[in-house]
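Novice: One structure, pasted below without further comment.
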Amino acid sequence: MIRIAPSILSADFARLAEEIRSVEEGGADWLHVDVMDGRFVPNITIGPPVVAAIRPVTKLPLDVHLMIADPDRYIPAFAKAGADIISVHAEACVHLHRTIHFIKEQGVKAGVVLNPHTPVETIRHVIADVDLVLLMTVNPGFGGQAFIPSVVPKIREVARLAGEQNKALDIEVDGGVNAKTAPLCAEAGANVLVAGSAIYNEADRAAAIRALREACAK
Ligand code: DX5
Ligand code: ZN
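full-length UniProt numbering applies: residue 1 is where the sequence shown begins, and numbers increase by one.
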């Protein structure tokens with residue numbers, strides 16, 4: 001089953017509660033929260049106070065994507081704020097295995113993220129420890145960028161690696177996901193689709209979410 005995780009990065013921040021309700025009522029499965037620090041990526045977005053503020057507004061699981069340097073410093077704050085899943089970039093973690101277990105110690109699910117150029121081999125030895133692998137299909141930092149098709153074989157690689165290790169995990173893709181590119185990801189083995197502009201740039205959020213699902217069902 002495909003899960004749709006709208007990214008609030010493309011929402012109207014002045015009307016965030018309403019924007020979140022529109023995708024929850026529109027059939028979203030998770031809510032994707034993009035955290036950027038201006039160091040790991042060239043943009044700054046939101047921090048733990050915003051996560052805490054949106055927690056009571058929605059029942060959707062909060063899928064928090066940390067695009068920050070030295071994420072260990074902030075993991076407890078995001079867990080406390082109400083994150084259900086916290087994902088960290090392999091490129092930002094010197095001691096990735098330790099960081100993954102640190103996330104789990106906070107009582108939340110742990111994900112690991114790979115930039116488009118980072119080989120899947122990097123996470124072979126932590127696949128057994130994570131709940132989710134997130135493959136970036138754009139260079140992180142901004143919404144509305146074009147999907148990078150060379151990431152699709154990496155989705156297959158993660159699925160194969162998980163299969164070899166008999167490990168059930170979610171495979172998520174993030175960046176440039178729309179009704180055209182979503183089926184490529186789903187067909188390769190992704191089961192969670194993040195979409196920012198493809199959902200929030202449409203007035204009818206339910207129709208946009210449905211379009212992604214239907215594109216994958218074909
Ligand atoms: C990119 C973010 C994405 C982004 C996706 O750095 O991690 O979640 O918001 O936006 P779209 O779907 O517009 O590419
Ligand atoms: Zn993201």
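Even for Gly, the Cβ is constructed at its ideal location relative to N, Cα and C. All values derive from a computational prediction rather than experimental measurement.
(1) How would you call R205, buried or exposed, if buried means at least 16 neighbouring beta carbons within 10 angstroms?
(2) Check whether the Cβ atoms of L62 and L31 sit closer than 8 Å, and answer yes or no.
(3) Starting from R160 and walking both ways along the alpha helix (DSSP H), at which residues does that stretch end?
(4) Assign H101 to one of two classes, buried (16 or more other C-beta atoms within 10 Å of its C-beta) or exposed (fewer than that).
(5) Report yes if the C-beta distance between A69 and A83 is below 8 Å; otherwise report no.
(6) May I ask you to list the residues that DSSP assigns as paired with V113?
(7) Using a threshold of 8 Å, state whether the C-beta atoms of A146 and G176 are closer than that.
(8) Cβ-heavy atom distance between P42 and ligand 1 below 7 Å?
(9) Is the beta carbon of V194 sitting closer than 8 Å to the one on E172?
(10) What number of angstroms, rounded off, separates the C-alpha of Q165 from the C-alpha of P76?
(11) As a quick exercise: from L134, K104, N43, N201, pick the residue whose alpha carbon is nearest that of F142.
Specialist: To lay it out plainly:
(1) buried
(2) yes
(3) 152 to 164
(4) exposed
(5) no
(6) DSSP output for V113 lists H89, L134 as bridge partner(s).
(7) yes
(8) no
(9) Contact: yes.
(10) 29 Å
(11) N43
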